[in-house]
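Residue numbers (the numbering used here), protein chains in the order written: chain Y, 1 to 165; chain F, 1001 to 1165. Glycine included, each C-beta is placed from N, C-alpha and C at the ideal position. Just so it is clear, the structure is predicted and the values come from calculations on it, not from any experiment. Encoded as structure tokens, the structure appears first; notes follow it.
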DNA sequence: ACGTATTACGTAACTGGTTACGTTAATTTT
DNA sequence: AAAATTAACGTAACCAGTTACGTAATACGT
């Protein structure tokens, strides 16, 4: 078994370790979906759930809800539209807005998908126990309260010249 | 304050939340380095530490140590070479191997860099307290023991046809 | 010692996200 | 009601990583 240096690199390694965990989970989710021979990507799950709840949402609403940039949503929506899982209409009140919603096909396939998600959830629940969910919440709270960058700036009373050049 | 849907989306949201935390930390680290007007990227930190310890390492060794693919390391090394932080020589015993090491310039700048890292460490330590590090270890252990994908396969005794189509 | 398998590195193409920028529509200011 | 500002979407270029693939050097089995 190879030596894992990240663990020995102290604090410097934490962020890398979190990233590795995150990437690993993403990678595995992808594999699970692939093994199902479903033409579905992990991210889509969230979009399905969101639109099932809200019926119609604009691009920016989805982006904000999921914490992505709006171009990211546009790309995902494009893909999902190609596979006819989503459709959109222009808002009659505000023609800038695109209202995204699930198609008939989506609604038909939802029960099957939800069954799969239920199975995936069970597996995830074996990893994400109480403690770990607590950890997530704690981390989120800390970072939400004050970003790392801001903490750094305040800590050392440095002038933020990252944008000046 | 906008509603955070990820929190309401149950298990489906965990992986997305971890990713968000991870991305956020990365983003902020980048900002800290930018504010220092140092031409250094966060990832490089680990390479510096590693090579300071080990003196000379091959591309694949670095990749394994840090959990990246080898092409990723090649790219990073290329950049660092351009700025003259790294240099490489071909192994005399095995001419396939490139031995990467720190340059004089790196060694000269190290004290200053280490001073900065020390400051960054202090800030990170305000986030990564005992509890969080414990849980991080726990998560890593769980995932190291058995990947999510494997858990899934075993759980449902599915044949892995993710590579077969 | 010779053919085969493996290892190490490098490049190319792709991926899932980002920021930057442009356009048009709506809103606010004056 | 005209001008300026802001909001929503779309596209383009970029970024940091990945996988897939090629090639050359080494190690291995017979």
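Q.
I want to verify the contact list: residues of chain Y whose CB lies under 8 Å from the CB of residue 1026 (chain F), in sequence order.
A. Indexing the second chain from 1 puts residue 1026 (chain F) at position 26. Per Cβ cutoff of 8 Å: 15, 19.
Q. Relative to the alpha-carbon of residue 118 (chain Y), which residue among F:1069, F:1093, F:1152 has its alpha-carbon at the smallest distance?
A. Within the first chain, the letter at position 118 stands for residue 118 (chain Y). Residue 118 (chain Y) has its Cα closest to that of F:1152, out of F:1069, F:1093, F:1152.
Q: Could you tell me whether any non-hydrogen atom of the ligand MN is closer than 6 Å to the CB of residue 1014 (chain F)?
A: Of ligands this structure carries none, so the ligand MN is not represented either.
Q) How would you list, in chain order, the residues of chain Y whose beta-carbon sits under 8 Å from the beta-carbon of residue 1143 (chain F)? A) Taking the first residue of the second chain as position 1, residue 1143 (chain F) is located at position 143. In chain order: 21, 24, 25, 127.
Q.
Beta carbons nearer than 7 Å to chain F: which residues of the stretch 85–106 of chain Y have them?
A. none
Q: Let me know if residue 1065 (chain F) comes out buried or exposed under the rule of 16 or more other beta-carbons within 10 Å of its beta-carbon.
A: Start at 1 with the first residue of the second chain, and residue 1065 (chain F) comes out as number 65. Residue 1065 (chain F) comes out buried.
Q: Drop a sphere of 10 angstroms on the beta-carbon of residue 1154 (chain F), count the other beta-carbons inside from all chains shown, and report buried for 16 or more, exposed for fewer.
A: On the second chain, residue 1154 (chain F) is found 154 positions in, with the first residue counted as 1. Exposed: under 16 other Cβ atoms inside 10 Å.
Q.
According to DSSP, residue 1057 (chain F) sits in a beta bridge with which residue or residues?
A. What you label residue 1057 (chain F) is simply residue 57 of the second chain in a count that begins at 1. Note: residue 1057 (chain F) sits in a beta bridge opposite F:1100.
**Q.** Partners in chain Y for residue 1000 (chain F), counting only beta-carbon separations shorter than 7 Å
**A.** As displayed, chain F neither begins before 1001 nor continues past 1165, which places residue 1000 (chain F) out of reach and without an answer.
Q: Measuring alpha carbon to alpha carbon, tell me which of Y:148, Y:40, Y:147, Y:99 ends up nearest residue 112 (chain Y).
A: Locating residue 112 (chain Y) in the first chain gives position 112, where the first residue counts as 1. Out of Y:148, Y:40, Y:147, Y:99, Y:40 has the C-alpha closest to the C-alpha of residue 112 (chain Y).
Q. Within the 7 Å Cβ cut-off, does residue 1160 (chain F) reach chain Y?
A. Here the question's residue 1160 (chain F) lines up with position 160 in the second chain. Confidence in residue 1160 (chain F) is poor, its pLDDT being 49 and thus under 50, which makes the residue's placement too unreliable to answer from.
Q) Taking Cβ positions, are residue 1028 (chain F) and residue 149 (chain Y) nearer each other than 7 Å? A) Against the second chain, residue 1028 (chain F) aligns to sequence position 28. Against the first chain, residue 149 (chain Y) aligns to sequence position 149. Yes; because the gap between Cβ atoms is below 7 Å, this pair is in contact.
Q: Use the C-beta contact count for residue 1014 (chain F): other C-beta atoms within 10 angstroms, 16 or more gives buried, fewer gives exposed.
A: Position 14 of the second chain holds residue 1014 (chain F). Residue 1014 (chain F) is buried by the Cβ-count criterion.
(Q) Between residue 32 (chain Y) and chain F, is any beta-carbon pair separated by less than 7 Å? (A) What you label residue 32 (chain Y) is simply residue 32 of the first chain in a count that begins at 1. Yes, its Cβ sits closer than 7 Å to a Cβ of chain F.
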